[in-house]
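Note that this note's numbering has the sequence shown beginning at 60, numbered continuously upward.
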Amino acid sequence: MGKIALITGATSGIGKATAMTFAKNGYDVIITGRREKKLEALSEELSSKFGIDVLSLVFDVRDRKAVESNISELPGKWKKIDVLVNNAGLALGLTTIDKGDTDDWETMIDTNVKGLLYMTKVVSKIMIANGKGHIINIGSIAGKEVYPNGNVYCATKHAVDALTKATRIDLLQYGIKVTQIAPGAVETEFSEVRFHGDKEKAKEVYKGFQPLTGEDIAETVFYVTTLPEHVNINDLLIMPVAQANATTLVRK
Ligand code: NDP
Ligand code: 8X3
């Protein structure tokens, strides 16, 4: 097929599953993240299992210069990016504003908002030159509602919601599709990262109900790329059956 998908944050969770799904469906993939060994292992797995080409790029999405140089210097065919999945992101902490850690706030804002912007700017230029493309932003239920102690993380995901709409308007004239996939609870490394490595606390988040998996989201991300050329999913909110909204969840 020869199509190319670029997935940020492919070393774990939703991003890793998304890279798997695109590779399984014949896409060549560009995978990114900060953890080089994990990227290398995934790269080997994808190319040996699915016989596709993989390009691994190790950089921090918060580093504007690194984003620009890695993407604008893409070799040969890799510039023909069909799909960008802006997935890299994180939550850090779960406390009231007065007790919030300002370093954590800055990391979330720099990663979830500014990192996504840096990626979007450089890749959209390439897509405009190619005359086509599809940008898929991983938002969240936290970008639709605010929940107790979620403050800054929720604000960053509300920003993703707004930027998805804005990007769609700006790129409409070039025929570039822009989609947001906004999941509820997905069991990944997300909560472990949020609780600064506390695995026990992270496990509690998913106790007593069946959360979504990275694969559930990956299938949905892939699905939106399979629609006819004239059809776009603007926004898709996807939840575990046990979760109605950001604050209503039934545990057994
Ligand atoms: P994981 O922690 O499992 O994965 C996060 C990924 O983001 C990792 O690959 C990590 O790679 C990458 N990442 C984080 N910071 C950076 C950075 N500065 N530069 C480059 N890559 C970075 O969590 P999820 O898979 O759950 O999260 C993926 C996305 O889904 C996030 O945007 C999150 O907000 C969103 N989301 C998650 C939900 C959930 O319940 N899990 C629900 C709704 C949305 P590395 O550490 O190697 O850099
Ligand atoms: C991740 C889901 O509800 O923890 O975006 O914010 S939630």
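Note that CB positions come from ideal geometry on N, CA and C, so glycine has one too. Bear in mind that the values here come from a model prediction, so they are computed numbers and not experimental data.
Endpoints, the beta strand (DSSP E) within which residue 92 is located
It spans 87-92 - the beta strand (DSSP E) in which residue 92 sits, taken as one unbroken run.
Out of 226, 207, 206, which has the shortest C-alpha to C-alpha gap to residue 178?
Selected option, being the one with the closest Cα: 226.
Anyone know if the C-beta pair for residue 71 and residue 248 falls short of 7 angstroms?
A contact, by the Cβ cut-off of 7 angstroms.
Can you tell which of 208, 139, 82 has the C-alpha that lies nearest to the C-alpha of residue 105?
A check of alpha carbon separations from residue 105 across 208, 139, 82 identifies 82 as the nearest.
Just checking residue 199 against ligand 2 - is the residue's beta carbon closer than 6 angstroms to any of the ligand's heavy atoms?
For residue 199, the shortest separation between its Cβ and any heavy atom of ligand 2 lies below 6 angstroms.
Can we count residue 103 as close to ligand 1, meaning its CB is less than 6 angstroms from some heavy atom?
No.
Run of the alpha helix (DSSP H) containing residue 219, from where it starts to where it stops
Its alpha helix (DSSP H) spans residues 210-230.
Indicate, with yes or no, if ligand 1 has a heavy atom lying under 6 angstroms from the CB of residue 146.
Yes, ligand 1 has a heavy atom inside 6 angstroms of this Cβ.
Taking 7 angstroms as the threshold (C-beta atoms), are residue 301 and residue 204 in contact?
Going by C-beta atoms, residue 204 is not nearer than 7 angstroms to residue 301.
On the DSSP bridge assignment, give the partners of residue 144 in chain order.
Answer by DSSP bridge pairing, in chain order: 66, 195.
I'd like to confirm something about residue 125: is its beta-carbon nearer than 6 angstroms to some heavy atom of ligand 1, or not?
No, the Cβ of residue 125 stays beyond 6 angstroms of every heavy atom of ligand 1.
From this set, 144, 180, 200, 209, which residue's C-alpha is nearest residue 152's C-alpha?
Of 144, 180, 200, 209, the residue nearest in Cα terms is 209.
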